[in-house]
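A.B. asks:
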Amino acid sequence: MYQYNAIDQRLVDERVAQFRDQTRRFLDGRLSEEEFRHLRLRNGLYIQTHAPMLRVAIPYGLLSARQLRALAHIARVYDRGYGHFTTRQNIQYNWPKLEEVPDILAELAAVEMHAIQTSGNCIRNTTSDHLAGVTPNELEDPRPWCEIIRQWSSFHPEFTYLPRKFKIAVTGAPQDRAATLVHDIGVHIVRGPCGEPGFEILAGGGLGRTPIIGQVVRAFLPREHLLSYLEAILRVYNLEGRRDNLTKARIKILVRSLGIDEFTRRVEREWALICDPQTASAKSGDSKSGDSSLRIDEAMIARMRDFFKAPAYRPLHDSEPAVNQVTAFRAWYRYNTVAHKIAGYRAVYLSLKKPHIAPGDATADQMEAIANLADRYSFGEVRVTHTQNLLLADVEQQDTLELWRALDALGLATPNIGTLTDMICCPGLDFCSLANAGSIDVAHQINERFDDYDYIYDLGELDIKMSGCMNACGHHHVGNIGILGVDKGGQEWYQITIGGSAGADASLGTVIGPSVAKAAVPETIAQLLSVYIEQRQADERFLDTVRRLGVKPFKERVYATPIAA
Amino acid sequence: MPRLLLRDRVVVNDDWQYGEEAAASVASADASAPASLTALIIPFEQWLNERDRWITHSGPLGVVLAPAHRVEQLAPDLAHFALIGAHFTGPSEGRGYTQARQLREQWRFNGELRATGHVRQDQVFFMARCGFNSFELPEQELKAALAALDIFSAAYQTANDTGLKARLGPAR
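Keeping their order, the protein sequence lines are chains A and B. This note's numbering applies: residue 1 is where the first sequence begins, and numbers increase by one. This note's numbering applies: residue 1001 is where the second sequence begins, and numbers increase by one.
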């Protein structure tokens, strides 16, 4: 994985010192609440319902065992012994003390981590495919590009005060495991007409109040121009994105109001000026900036790729470790491990979706134990998935039984990856000052209602995504089943959508009808699933059945009889 | 009291006057003598509306862009200005950063590029990297802002500063 050099280290250290000074000035009364707000947000610090919340970046989801131990240490010393992994491959601490945050940041800097730009109206953590580098059908490992973007976007002098937050995701495989179509910019590694390496660039996707699927701005961008092109998009957005209305300030609104053609025209025009600044002024002279300084040369690509070289895999053959083993292990192996491009290896999910635990939460003890397992079984690396689970990417198949036993003892072997109970869920009303309704307790109810694994497995691939408010941190719009908490006269109600997808075939879900009471959510889901089970054809997924039949039969079933709340 | 500001890393007395300040000093002295040699800053809006009037000003002339102004609007008249300001309306305003880079990089503006309005020590590092070389700050922050110009010793991106070594970009 990427290793800081002296300059990277100095920059994060200098950032800690800067924020320490800013915090001191705020506590002394020399910085106003409003001025400090902008500064603390750019260091990941929110003020939440109960306490500050600190969001720490895990660039493209990759952690070393040492870093995970540091996260555990922070959870134990500065928080209440746990952390919450998010859909954007970050970790959040819900109970830090404001005055201790500079110390936490210093602890992070000591292990090459930071909370820089994890909040605020700036370029956020760049996310990616958690199976990067190990999935069999990948075109190219996206992580070197993510690191290039991470560096370019860190402390970007021009784009630190954007109209609104800005999220970039990069993938290199046909399956989209990073929800790139609902990002401000989605970057897909592709090949040009003659096989030349480059990117497809999408913009204008996003969830929140106005969910929109991203559109293609450029079908093929030669790879050396990635940064200058990103700079052009950001520049158009920085100048033209709305700043008068917070809810209309994301780039998706700009793209929609201009139309993709006009937006693209403006980006291309700005890009031409960045590539050749003299065309603007027609003045000659040395170009001190422009694309020449942003062009990514082969040496840099090689340097970055070097950091993500394959680990020292042993020459092994594929085996079938689950054959003749106990049922529980067989189920776990089938659902919680996936194919690896190297023979004899599997990628292993650690489910953070155990019933009665908030989705995405892990305790300090679990994190430390996982770090040890990573050292033992997976070259000392751990990954965070967009679906709020963890992953050991490089496990020898023959070790999986042993690993399963260890994970089971830790409560991390719930065999539910990709199934109904592998829910994405925001912190909701329990923690978040924005939320209208709880989400964690609804997740608990769903887990209680659906505890029969034969039934869950029979449903096949299905995702439920839940947000406690329309800011959509739980990505409800793109859940096969989406659940949105709404406030109705001081009570928590839930609006249900079906047919959403965050994958390469991304789509937004359709609302089935009036929202339902909290206690009725599990039964409503059961009704939806009963229609699916009756109507599905062959191996059809829930999503495909909804797409084929439309919302109508589902809606009719749910609202045919009043649901007892 | 003359205004103090940070320019080219030195705290100096501002030798420019804003239009309204100049008008006031003329009125109090000799109304018949136009302050024609005064280094004068006017809002860009005023330049747009009364170009014929201001073009005869024989002293140095500066204009201040509002966030919504586009650099291309001003570019044809660039030769008339020895100073261009970009105005920051509050702590979240960010368009001035782009205006500065466009002026420096695309239009090769070599005069004084001044950050006005809500300018604080916590922003000057980024502003300087975008090409600003003078900063109107609250007086009590001038010293801290000078130090803040060096708050980071390196950068990941090439921009408009000299002396800061940039990590990204071609290996050098």
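Note that beta-carbon positions come from the ideal geometry of N, C-alpha and C, so glycine has one too.
(1) In terms of residue numbering, what span does the beta strand (DSSP E) encompassing B:R1070 cover?
(2) Less than 7 Å between the C-beta atoms of A:G479 and A:K465, yes or no?
(3) Please name the residue or residues paired with A:F85 in a DSSP beta bridge.
(4) Just to make sure I have the definition right: I need the residues of chain A whose C-beta is within less than 7 Å of the C-beta of B:T1098. Which are they?
(5) With respect to the alpha helix (DSSP H) encompassing A:S64, which residues constitute its N-terminal and C-terminal limits?
(6) Could you please give me the residues that DSSP links to A:H188 through a beta bridge?
(7) Under 8 Å Cβ-Cβ, which residues of chain E neighbour A:N121?
(8) Can you name, in chain order, every residue of its own chain whose Cβ lies under 6 Å from the Cβ of A:A435, other than the five neighbours on each side?
(9) How many Å lie between A:L207 and A:C146 at the Cα?
(10) Roughly how many whole angstroms lie between the Cα atoms of A:P547 and A:Y229?
(11) Helix, strand or coil: how does DSSP classify A:Q9 here?
(12) Just reading off the alpha helix (DSSP H) that A:P553 is part of, what are its end residues?
(13) Please list, in chain order, all residues of the same chain as A:R10 whose beta carbon is under 8 Å from its beta carbon, the five residues on each side excluded.
(14) Tell me, to the nearest whole angstrom, how far the beta carbon of A:H38 is from that of A:G120; I am working on the premise that it is less than 8 Å.
(15) Does the Cβ of A:A538 have 16 or more other Cβ atoms within 10 Å, making it buried, or fewer, making it exposed?
(16) I need the straight-line Cα distance from A:Y532 to A:T545, nearest angstrom please.
(17) Would you kindly report the start and end of the unbroken alpha helix (DSSP H) that includes A:P144?
(18) Where A:M1 and A:A57 are concerned, what is the direct C-alpha to C-alpha distance, given to the nearest angstrom?
(19) Name the two residues that bound the continuous alpha helix (DSSP H) containing B:W1107.
(20) Suppose the cutoff is 7 Å on Cβ atoms and the five residues either side in sequence are ignored; what does the same chain contact list for A:I212 look like?
(21) Would you mind telling me which residues of chain B sit closer than 7 Å to A:A34, beta carbon to beta carbon, in chain order?
(22) Nearest CA to the CA of A:G570: which residue from A:I481, A:L403, A:E196?
(23) Helix, strand or coil for B:F1152, going by three-state DSSP, please let me know.
(24) Rounded to whole angstroms, what is the Cα-Cα separation between A:A369 and A:N324?
(25) For the segment 1116-1137 of chain B, which residues have a CB atom closer than 7 Å to at least one CB atom of chain A, in sequence order?
(26) Determine the chain B residues that contact A:L625 at a beta-carbon separation under 7 Å, and present them in chain order.
(27) Apply the 10 Å Cβ neighbour rule to A:A72 and answer buried if 16 or more other Cβ atoms are within range, or exposed otherwise.
(28) Compute the Euclidean distance between the alpha carbons of A:Y18 and A:P102, then round it to the nearest angstrom.
(29) With 7 Å as the C-beta to C-beta threshold (strictly closer), list the residues of the segment 1099-1111 of chain B near chain A in chain order.
(30) Within 7 Å of any Cβ in chain B, is that where the Cβ of A:L549 sits?
(31) Excluding the 5 residues flanking B:P1002 on each side, which residues of the same chain have their C-beta closer than 8 Å to its C-beta?
(32) Compare the C-beta of A:W332 against all C-beta atoms of chain B and say whether one is closer than 7 Å.
(33) Measure from the alpha carbon of A:N245 to the alpha carbon of each residue in A:V170, A:A362, A:R209, then state which is nearest.
(34) Compare the C-beta of B:A1066 against all C-beta atoms of chain A and say whether one is closer than 7 Å.
(35) Below 7 Å CB to CB, which residues in the same chain sit around A:I296 once its five sequence neighbours on both sides are set aside?
(36) Can you tell me where the beta strand (DSSP E) with B:N1013 in it begins and where it stops?
C.D. replies: By the coordinates alone:
(1) No residue range can be given for B:R1070, since it is assigned to no beta strand (DSSP E) and is classified by DSSP as neither H nor E.
(2) Yes, they are a contact pair.
(3) Paired residue(s): A:I91.
(4) In chain order: E158, R235, N238, L239.
(5) Membership of A:S64 in any alpha helix (DSSP H) is not indicated; the residue belongs instead to the beta strand (DSSP E) covering 62-64.
(6) For A:H188, DSSP records a beta bridge to A:T171, A:E200.
(7) Absence of chain E from the displayed structure is noted, the protein chains being A and B.
(8) Sequence-distant Cβ neighbours of A:A435 in its own chain, meaning closer than 6 Å and more than five residues away, are G428, L429, G468, C469.
(9) Near 22 Å, if we compare the C-alpha coordinates of A:C146 and A:L207.
(10) The sequence as given places Arg at residue 547 of chain A; Pro does not occur at that position. Roughly 35 Å between the two C-alpha positions.
(11) If DSSP states are grouped into helix, strand and coil, A:Q9 belongs with the helices.
(12) Counting along the chain, A:P553 sits inside the alpha helix (DSSP H) bounded by residues 552-560.
(13) Counting only Cβ-Cβ distances below 8 Å, and skipping sequence neighbours, we find nothing.
(14) A:G120 and A:H38 do touch by the CB rule: their CB atoms are close to 7 Å apart, below 8 Å.
(15) A:A538 comes out exposed.
(16) CA-to-CA, the gap between A:Y532 and A:T545 works out to about 7 Å.
(17) Start and end: 143-153.
(18) Going by the C-alpha atoms only, they are around 15 Å apart.
(19) Taken as a continuous stretch (DSSP letters only), B:W1107 belongs to no alpha helix (DSSP H), as it is neither H nor E.
(20) If you ignore the 5 residues before and after A:I212, its C-beta comes within less than 7 Å of the C-beta of G204, G205, G206, K252, R256, all in its own chain and listed in chain order.
(21) In the sequence as displayed, the identity of residue 34 of chain A is Glu instead of Ala. The answer, in chain order, is P1091.
(22) Here chain A has residues from 1 to 565 only, and residue 570 of chain A is not among them.
(23) DSSP places B:F1152 in coil when its eight states are reduced to three.
(24) Using only the alpha carbons, I get a separation of about 28 Å.
(25) Against chain A - using a Cβ distance shorter than 7 Å - the residues of the segment 1116-1137 of chain B are R1120, D1122, F1126, R1129, C1130.
(26) Not covered by the structure: residue 625 of chain A. The range shown for chain A is 1 to 565.
(27) Counting every other CB atom within 10 Å of its CB across the protein chains shown gives A:A72 a total of 16 or more, marking it as buried.
(28) Note that residue 18 of chain A corresponds to Gln in the displayed sequence, not to Tyr. Cα to Cα, A:Q18 sits roughly 9 Å from A:P102.
(29) Under the 7 Å Cβ criterion, the segment 1099-1111 of chain B contributes R1101, E1105, Q1106, W1107, R1108.
(30) Among the CB atoms of chain B, none fall inside 7 Å of the CB of A:L549.
(31) Spatial neighbours of B:P1002 in its own chain (CB-CB distance under 8 Å, excluding positions within 5 residues in sequence) are listed in chain order as N1013, D1014.
(32) Answer no: the Cβ-Cβ gap between A:W332 and chain B never drops below 7 Å.
(33) The shortest C-alpha to C-alpha distance from A:N245 to any of A:V170, A:A362, A:R209 is the one to A:R209.
(34) By this cut-off, B:A1066 is not an interface position.
(35) Answer for A:I296: I148, R223, E224, L226, L227, listed in chain order.
(36) Where B:N1013 is concerned, the enclosing beta strand (DSSP E) stretches over 1010-1013.
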